[in-house]
Amino acid sequence: METFKKSSFDFFADYAIYGREVLIFATVLLFVRWILLSQWSYSSKSKTLAPPLPYPPGLPFFGNMFSFRTDMRDILRKWTNDLGGLFRLRIGPFVDLVVISDVDAIQEAFVDQANAFSERDIPPLLEVAMGTKGSIFWEPGHKWKQLRRFGHRALRHFGLNQGSMEDSIIEEGRLMAEAFEMKEGTQFNPKVLVTNTVGNVITRFVFGFRFEYGDPVFEKLAEDFEHFFESFSVTSLGSVFPFLYYTPLYTNFRRPIQNVVSYIKSVVNDHRRSFDPLHLRDVIDLHMAEVKGQRDENKMAAMEEGWEWKFIFELYSAGLATTTDTLRWAILIAAQHPQLVHEVQKEIDDVIGGRSPKFSDQSLMPLTGATMLEITRIRPVVPLGVPRCTSRDAVVQGYHIPKNTTVLMNLWELQTSPKYWKEPEKFNPYRFLSEDRKTIVSHRALNPFGIGLRVCLGEKLARMQLFIILTSLLQRFTLRLADDSLSVGMEGKAGIAYGPLDYNIVLEKRHV
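Those letters in the sequence shown? Residues 1 to 512, per UniProt numbering, in order.
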């Protein structure tokens, strides 16, 4: 019996060792096959039209994924210097990215061949979490066009051009200034108040109400959005192996999304119970009316009942982080440049005086307008833009870019490169002014809201918020950094948006 047990054990031990060796051998064969196929899949198609794009060295299987453990800006600048303004990356075994860091290449791709570069390629992790159905960002082709038209119609309906939305921004700017005034004589981090202000502009638009400062519901929403923004990266393991979304590794990404979606769905359900097509209160009501109208007319539509939450989630996520971080950069920069702010405040006093600022005032305030442009230039809050995807094979600057390739617009390089800007790391609004300093001069390397068919839907709303809210603050206060924040520079914190590190400020009230 003992002999039988021993021989059985030896058999299974030998079998396990043999099986492990076979498994290792098979894995190596598959790995080699993947390397050969991945190189063939890109380069063989390229030979039919034009040369394939240059690419930096990377690791087998992982490609360039781990190169981004260092500062992304630095490594992309190095590759741009080494390879030129158009190159490709491999992120893991399945994802090819093309990075464009050249103004002429941007024009050739996103404008001259706009239709070929107008699709979106949803990051795999987001696809698992959210899907593309009903998405104004990620729906393909004609469905995206329907949703974008609805987005424009919603902005018009609720007063982006008629003034009611501007009135909301003016009121939120005034309320934020009053909340700032209560902090006079103390040092404080403006992040919470700025987030609440920007959030309320969006909330009025989509929900039809606003949150009071300190409202625990909004504080939880803001916290969940922040965790979502900070934990997402297109170069993370989850973007290569999206099934990791369901593992503990991505709990801090998964739970915030679930919390926010749950709240939005509860508000949508409240709206559905009280919906009146003759009295549309906000975007949720407008979305429901649109779905009902298309259903009554038996139209094939991208908008369906039950997907209102997706549209709202994306409006919130697109506007909250980017505008909040732009304003936080603006306040930090204002505190760092007192002499410039003094000149801006003189312009504010001359044009606006003591009344509330309006967006139309900007046309009479060239230095203030140039300052806004310089804020968006020196620290783009979405350094690589929102990913595009090619809908067909294309040729850009003589290189072939295959169909279904993800394309990134490297705003950081375009907006901070010595190739396009004199002393790019110096904050200098005068670079956007004519010689007589009376007219704003545009620059082709500045495109913080994108370019082509996929230009940001909320560009005007974002510019309006930046001007009105920042002007409302500088009209009332002189800002300076608190003693514990004097060492805070222009380094930021990466996530979906690139925001400044936390800092504290001190206010001095102005007498206008």
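Every residue gets a Cβ at the ideal spot worked out from N, C-alpha and C, and that includes glycine.
Which residue comes first and which comes last in the beta strand (DSSP E) that contains Met-182? Careful: Met-182 lies outside any beta strand (DSSP E) and carries neither H nor E.
Those runs of the alpha helix (DSSP H) which lie wholly inside the stretch 101-141 and span at least 4 residues: 103-106 and 124-130
With Phe-225 as the anchor, note down where its alpha helix (DSSP H) starts and where it stops. 216-231
Which of the three DSSP states is assigned to Val-441 in this structure? coil
Reduced DSSP category for Val-488 - H, G, I as helix; E, B as strand; rest coil: coil
By DSSP's criteria, Asp-436 is part of a beta bridge. Which residues make up the other side? Bridge partners of Asp-436: none, in fact.
Leu-446 in three-state terms, based on DSSP: coil
In chain order, what residues of the same chain lie with their CB nearer than 7 Å to the CB of Val-506, ignoring the 5 residues before and after it? Gln-187, Arg-480 and Ala-482
Is it the case that the stretch 135-155 contacts the stretch 455-465, given that we only count it when at least three CB pairs across the two stretches are under 8 Å? yes
Measure the beta-carbon distance from Arg-90 to Trp-412 and round it to whole angstroms, keeping in mind my assumption that it falls under 8 Å. Contact doesn't hold; Cβ gap of about 21 Å is too wide.
Taking the C-alpha atoms as reference points, what is the distance between Lys-191 and Val-201? 16 Å
Beta carbon of Phe-253 nearer than 7 Å to that of Ser-233: no
Simplified DSSP state of Ala-394, which is helix, strand or coil: strand
Would you kindly work out how many angstroms separate the C-alpha atoms of Leu-320 and Leu-221, rounded to a whole number? 11 Å
Which class does Tyr-503 belong to by DSSP, given the choice of helix, strand or coil? coil
Taking the alpha carbon of Asp-350 as the point to measure from, which residue in Thr-416, Lys-292, Gln-339 and Thr-471 has its own alpha carbon closest? Thr-471
When the distance is taken between beta carbons, is Glu-347 closer than 7 Å to Leu-373? no
Check for me: the beta strand (DSSP E) holding Arg-88 runs from which residue to which? 86-91
Assuming Gly-452 and Phe-110 make a contact with CB atoms under 8 Å, what is their CB distance in whole Å? 4 Å
Measure from the alpha carbon of Gln-415 to the alpha carbon of each residue in Asn-428, Asp-224, Asn-404 and Lys-403, then state which is nearest. Asn-428
Simplified DSSP assignment, three categories, for residue 526: Residue 526 is absent from the model: the chain starts at 1 and stops at 512.
In this structure, does DSSP put Lys-78 in helix, strand or coil? helix
CB contact flag (Tyr-503, Val-488, <7 Å): yes
Straight-line CA distance for Lys-438 to Thr-371? 13 Å
Looking at the structure shown, is Glu-212 part of a helix, part of a strand, or coil, going by DSSP? coil
Could you compute how far the alpha carbon of Glu-435 sits from the alpha carbon of Lys-422? 16 Å
DSSP three-state label for Arg-510, please. coil
Considering Val-407, what are the terminal residues of the beta strand (DSSP E) in which it resides? 406-409
Which same chain residues end up closer than 7 Å to Leu-97 when comparing Cβ atoms and leaving out the 5 residues on each side of it in sequence? Arg-88, Leu-89, Ile-91, Thr-406 and Leu-408
Count the CB pairs spanning the stretch 279-292 and the stretch 239-252 that are closer than 8 Å, and state whether there are at least three. no
Extract the residue ranges of the alpha helix (DSSP H) inside the stretch 242-276, only unbroken runs of 4 or more that lie entirely within it. 251-273
Determine the DSSP secondary structure at Gly-495, reduced to helix, strand or coil. coil
When you compare only the Cα positions, how much space is there between Arg-174 and Ile-352? 14 Å
Is Phe-25 helix, strand or coil by DSSP? For Phe-25, the predicted structure reports a pLDDT of 40, less than 50, and the residue's modelled location is therefore unreliable. The matter cannot be settled from this model.
Give the DSSP-derived three-state secondary structure of Asp-96 in the structure shown. strand
Report the rounded CA-to-CA distance for Ala-26 versus Pro-500, giving the unit in angstroms. Interpretation of Ala-26 is limited by its pLDDT of 38, a score under 50 that renders its predicted location unreliable; the figure taken from the coordinates is listed afterwards. Using only the alpha carbons, I get a separation of about 48 Å.
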